[in-house]
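There are 2 protein chains.
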Amino acid sequence: MGSLINSDVTEGCDFKPLDPEEFRKQAHQMVDFIADYYQKIESYPVLSQVQPGYLHSRLPETPPDEPESFEKILKDIEKDIIPGITHWLSPNFFAFFPATVSTAAFVGEMLCTCFNSVGFNWLASPAATELEMVVMDWLANMLKLPQTFMFSGGGTAGGGGVIQNTTSEAVLVTLIAARDQLLDVIGVESICKLVVYGSDQTHSTFTKACKLAGIDACNIRSIPTTIESGFSLSPSIFRKVVEADVAAGLVPLYLCATVGTTSTTAVDPVDPLAKVANDYGIWIHVDAAYAGSACICPEFRHYLNGIDQVHSLSLSPHKWLLSYLDCCCLWVKDSSSLVRALNTQPEYLRNKPSESNEVVDYKDWQVGTGRRFKSLRLWLILRSYGVVNLQRHIRSDVNMAKMFEGFIRLDPRFELVVPRQFSLVCFRINPKSHYGSNYIDMLNRKLLEWINSTGRIYLTHTIVGGVYLLRFAVGATLCEERHVVAAWKLIKDGADALLKRSEE
Amino acid sequence: MGSLINSDVTEGCDFKPLDPEEFRKQAHQMVDFIADYYQKIESYPVLSQVQPGYLHSRLPETPPDEPESFEKILKDIEKDIIPGITHWLSPNFFAFFPATVSTAAFVGEMLCTCFNSVGFNWLASPAATELEMVVMDWLANMLKLPQTFMFSGGGTAGGGGVIQNTTSEAVLVTLIAARDQLLDVIGVESICKLVVYGSDQTHSTFTKACKLAGIDACNIRSIPTTIESGFSLSPSIFRKVVEADVAAGLVPLYLCATVGTTSTTAVDPVDPLAKVANDYGIWIHVDAAYAGSACICPEFRHYLNGIDQVHSLSLSPHKWLLSYLDCCCLWVKDSSSLVRALNTQPEYLRNKPSESNEVVDYKDWQVGTGRRFKSLRLWLILRSYGVVNLQRHIRSDVNMAKMFEGFIRLDPRFELVVPRQFSLVCFRINPKSHYGSNYIDMLNRKLLEWINSTGRIYLTHTIVGGVYLLRFAVGATLCEERHVVAAWKLIKDGADALLKRSEE
């Protein structure tokens with residue numbers, strides 16, 4: 001924006017929203033603000049203690065007409081925003097799955113923002129498309145995926161990877177590819193006959209994606225699992241369910257198998273499930289959002305055995321590969337099925353490279369049109385740390401979880417509910433008295449509430465097989481052994497107080 | 001991550017991916033790198049001049065095992081990445097719609113990244129949810145939207161706004177809400193009878209969203225427009241198409257009206273279209289991705305007349321309100337219809353505030369589960385600049401487009417193809433000779449190719465009503481009058497050379 005020689009608006013000639021020197025000044029101030037925040041992050045309660053509606057009363061009803069100073073805004077962030085933050089980066093955050101971060105990803109994200117390139121097609125920013133292709137092949141290499149999932153193994157119509165925002169979108173786009181491929185054969189009016197499969201442990205986003213895609217809610221199978229099988233999906237039960245559907249005149253479409261479920265990190269056995277699914281022409285997607293990252297270590301790679309038989313795989317580096325939100329990597333063997341279902345060809349985006357079929361246009365691999373240059377983050381992570389350090393990082397988290405698991409085993413008032421496989425420990429207090437299961441559940445609810453109300457650590461719960469349990473998820477980037485030790489002491493203190501009270 | 005007292009892996013004890021002092025150092029370096037890039041951005045060719053596959057040959061096939069230095073990576077960004085960038089922030093970028101940026105949004109984005117809060121529900125980061133509610137109400141105020149689109153006008157089941165990634169998602173989620181509301185009444189097996197409506201100028205993402213939602217491709221109406229009506233959708237033709245569908249036993253579902261189409265910024269008349277749609281119980285969405293932002297100025301607000309009669313409205317501040325990608329604001333009157341269609345209730349996300357119904361859980365307003373703290377960007381923009389400067393910004397762009405329009409009018413070899421309404425000028429070279437339309441199209445194609453091959457500016461084209469035209473989109477944040485003047489001189493030079501050649 002500049003001065004307006006022919007303007008009837010004489011005001012506003014001096015508004016420069018991106019003056020490089022003002023940019024430099026404010027961005028440096030923000031770097032220090034953030035570094036200071038990271039330094040003192042342990043001083044804040046992990047779980048925000050504000051009440052619903054706290055912010056509305058603190059802020060004006062309308063935006064200001066005139067500018068306010070950056071210094072005033074920074075003060076308001078301290079005063080009004082930070083109290084309402086649940087500090088996901090705190091080393092005392094053990095809830096959900098932590099969202100992991102790193103300096104490399106932060107500066108990579110700054111660079112992505114800086115260029116603000118809208119890489120819907122190759123020409124709109126060739127580097128954005130090509131770096132994503134390179135980085136997705138690099139990650140595929142680290143995971144020892146078959147060549148069929150890599151660009152270097154085929155061509156633009158073959159295998160390759162793409163960065164989605166979330167697992168939800170990875171599931172949605174592959175489901176649409178599978179759906180349209182099948183409806184092309186059996187006719188669009190058969191959409192109500194399509195059946196999709198997951199277990200009762202599959203992430204809720206699977207059901208949501210299926211509904212978005214127009215799958216009849218009655219045809220979304222949530223196959224029961226049991227504690228005895230570690231909450232993993234049984235191939236023989238899966239086969240029976242599919243057979244019953246086929247016998248009923250329905251058409252099996254899509255299986256979402258999970259490597260590392262959200263509740264307990266259960267692993268569905270990819271190899272035997274894929275064999276069943278392939279017998280029926282079912283598209284197999286593997287959701288390895290959390291645990292897939294562990295498979296860059298040889299000792300965990302076996303959880304992906306059978307991956308050569310599936311159609312698509314997704315994992316989210318924001319969960320365990322230090323990338324910040326949001327970054328979900330999706331690989332497919334047959335990208336042409338995605339492109340057939342998702343491509344658009346408006347005139348205003350037509351260009352010679354796209355028409356040459358020599359390039360990838362990522363808009364045809366995703367829901368939206370516009371897309372950011374996210375591969376910069378992954379590129380900076382992989383180069384700044386190297387594969388060796390990323391493996392160390394995974395192993396360190398797993399070892400801290402093992403340590404916590406050891407604490408649980410040594411205290412007779414506690415028990416592990418399912419075996420630990422990665423960096424999540426599922427446990428509960430169970431004083432092995434004559435109390436019934438409702439009472440035990442209630443004790444655990446009270447323990448969790450007490451722990452979180454202290455603001456010193458944050459844990460979450462789940463219910464599996466009817467059992468209410470607490471989840472101790474190691475993985476916050478700043479977490480060290482001392483935090484795990486202190487967390488365990490706090491949990492024990494809570495148990496002491498609770499059991500003492502319940503005995504009184 | 002820390003040292004591992006009980007570890008069987010003794011290596012890797014010193015890998016700290018988020019050491020605050022290392023963070024401070026690298027982030028400061030990156031700020032200077034970016035400020036320098038912004039300072040010298042005019043020295044790069046706007047449109048990248050690399051060939052397909054350029055990057056693959058420059059980078060290794062696999063990631064490094066060991067860390068590489070930040071200095072080396074920065075050098076490689078200069079050497080390998082920047083040549084492949086199409087510089088969307090260049091003041092000489094006049095293609096598509098420019099993606100606008102600002103210092104305030106950049107530092108806001110840094111802060112969003114910093115917290116990395118995954119605000120799927122209120123408790124997961126109360127500030128993230130509540131600031132988004134406040135900011136969406138602020139913007140609604142600036143646009144003079146009716147109270148029914150604001151949180152302050154209703155409650156959690158009523159009106160309000162949410163930040164989506166892209167227009168595609170805004171259309172998809174509202175379409176799903178409309179679809180499921182209707183299928184609840186007429187039965188899920190009627191999905192193949194649902195009909196959706198747009199014009200032949202509606203963004204391609206509308207068709208894509210409809211296909212994602214399982215709408216039969218045969219039932220997606222792309223109603224023709226004409227140059228005489230400025231490519232806007234005619235309410236009377238719309239009514240006839242709907243009547244024919246009803247007569248054929250089909251069920252009208254959803255209308256996407258556009259305020260500011262991508263090709264030519266045509267405006268569909270919201271008020272009379274809404275009257276027709278409401279007669280048939282059709283959900284009306286207004287896609288104002290680009291031009292909606294202009295409506296913060298009183299002189300443009302009339303383009304939203306009738307907005308009180310529609311169900312939902314989206315606009316993308318990354319297009320004209322300086323926000324960087326990706327940021328699409330969606331307002332709905334009846335958020336409960338979104339929530340009914342999109343909510344998930346997995347046990348591991350259950351919590352007291354959500355169950356109290358006193359809070360908004362934004363995961364139920366969008367496709368994915370996880371979500372970033374994007375409202376920080378908008379909050380910083382609105383406070384740092386104030387409404388007055390944002391209005392100045394819009395007017396300044398419009399005035400620069402008017403100036404360019406004036407240049408076209410004064411040169412008899414050129415013509416405006418449609419009247420300019422905002423900051424886009426649609427023009428073509430037309431030497432008014434006896435040459436046919438194919439020849440004129442060819443001249444314009446050649447002119448565009450020549451202009452873009454210089455690397456000095458970047459323009460794109462479209463075809464409307466059978467006419468091939470060039471789009472001059474003013475709006476890059478750094479653009480000043482001198483850039484528009486220089487661009488016009490370059491275009492004239494191209495025309496001189498081209499017409500001279502064609503006469504020889």
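Respectively, the protein sequence lines represent chains R and G. All residue numbers for the first sequence refer to the UniProt record's numbering, where the first residue is 1 and numbers rise by one. All residue numbers for the second sequence refer to the UniProt record's numbering, where the first residue is 1 and numbers rise by one. The beta-carbon is built from N, C-alpha and C at its ideal position, and this holds for glycine as well.
Which of helix, strand or coil does DSSP assign to residue i?
i, result
"G:Tyr303", "helix"
"R:Val474", "coil"
"R:Thr261", "coil"
"G:Thr462", "strand"
"R:Pro317", "helix"
"G:Cys328", "strand"
"R:Val467", "strand"
"R:Gln49", "coil"
"R:Glu415", "strand"
"R:Pro252", "strand"
"R:Phe15", "coil"
"G:Leu342", "helix"
"G:Gly370", "coil"
Taking just the CA atoms, how far does residue j sit from residue i?
i, j, result
"G:Arg239", "G:Cys327", "33 Å"
"R:Gly436", "R:Gly406", "26 Å"
"G:Thr174", "G:Ser312", "7 Å"
"R:Gly108", "G:Lys79", "16 Å"
"G:Leu338", "G:Ala277", "20 Å"
"G:Leu4", "R:Ser396", "Annotation note: pLDDT 39 at G:Leu4 (below 50); position unreliable, no value reported."
"R:Asn141", "R:Val46", "37 Å"
"G:Leu349", "G:His393", "42 Å"
"G:Gly12", "R:Met400", "The pLDDT assigned to G:Gly12 is 44, lower than 50, so where the model puts this residue is not dependable, and the model offers no usable value."
"G:Gln51", "R:Gly159", "22 Å"
"G:Asp493", "G:Pro126", "57 Å"
"R:Phe33", "R:Phe106", "14 Å"
"R:Arg482", "G:Lys16", "15 Å"
"G:Thr100", "R:Tyr197", "43 Å"
"R:Met403", "R:Arg471", "15 Å"
"R:Phe231", "R:Leu469", "14 Å"
"R:Ile163", "R:Pro146", "19 Å"
Considering only the beta carbon of each residue, do residue i and residue j sit closer than 8 Å?
i, j, result
"G:Gly122", "G:Val359", "According to the sequence as given, residue 122 of chain G is Trp; it is not Gly. Yes, the Cβ-Cβ distance between G:Trp122 and G:Val359 is below 8 Å."
"R:Ser314", "G:Pro346", "no"
"G:Asp245", "G:Thr225", "no"
"R:Phe94", "R:Ala487", "yes"
"R:Cys256", "R:Asp287", "yes"
"R:Leu490", "R:Ile457", "yes"
"R:Leu342", "R:Trp320", "no"
"G:Met110", "R:Met30", "yes"
"R:Ile220", "R:Thr207", "yes"
Using only alpha-carbon positions, find the residue among the options that is nearest to residue i.
i, options, result
"G:Leu478", "G:Lys40, G:Phe23, G:Arg24", "G:Lys40"
"G:Pro143", "G:Val196, G:Val418, G:Gly306, G:Leu499", "The amino acid occupying residue 143 of chain G in the given sequence is Leu; Pro does not appear at that position. When each option's Cα is compared against that of G:Leu143, the closest is G:Gly306."
"G:Gly455", "G:Gln26, G:Leu330, G:Tyr44, G:Phe427", "G:Tyr44"
"G:Leu459", "G:Thr344, G:His285, G:Val484", "G:Val484"
"R:Leu212", "G:Ser117, G:Ile191, G:Cys114, G:Trp138", "G:Ile191"
"R:Phe151", "R:Ile220, R:His285, R:Arg179, R:Glu130", "R:Glu130"
"R:Asn452", "R:Gln49, R:His28, R:Ile227, R:Lys352", "R:Gln49"
"residue 506 of chain G", "G:Thr261, G:Ile296, G:Ile282, G:Asn116", "Past the edges of chain G, shown from 1 to 504, lies residue 506 of chain G, and the structure says nothing about it."
"G:Lys363", "G:Gly161, G:Val464, G:Val474", "G:Gly161"
"G:Leu182", "G:Arg340, G:Ile237, G:Asp271", "G:Arg340"
Please check the pair residue i and residue j, which I expect to be a contact at CB under 8 Å, by giving their CB distance rounded to whole angstroms.
i, j, result
"R:Val267", "R:Pro252", "R:Val267 to R:Pro252, Cβ: 22 Å. No contact."
"G:Tyr38", "R:Leu18", "7 Å"
"G:Phe97", "G:Tyr303", "Wrong, their Cβ atoms sit about 16 Å apart, outside the cutoff."
"R:Leu448", "R:Ala495", "With 8 Å as the limit, R:Leu448 and R:Ala495 do not qualify as a contact, their Cβ atoms being about 11 Å apart."
"G:Ala104", "G:Ser384", "4 Å"
"R:Ser323", "R:Arg377", "5 Å"
"G:Thr264", "G:Val418", "5 Å"
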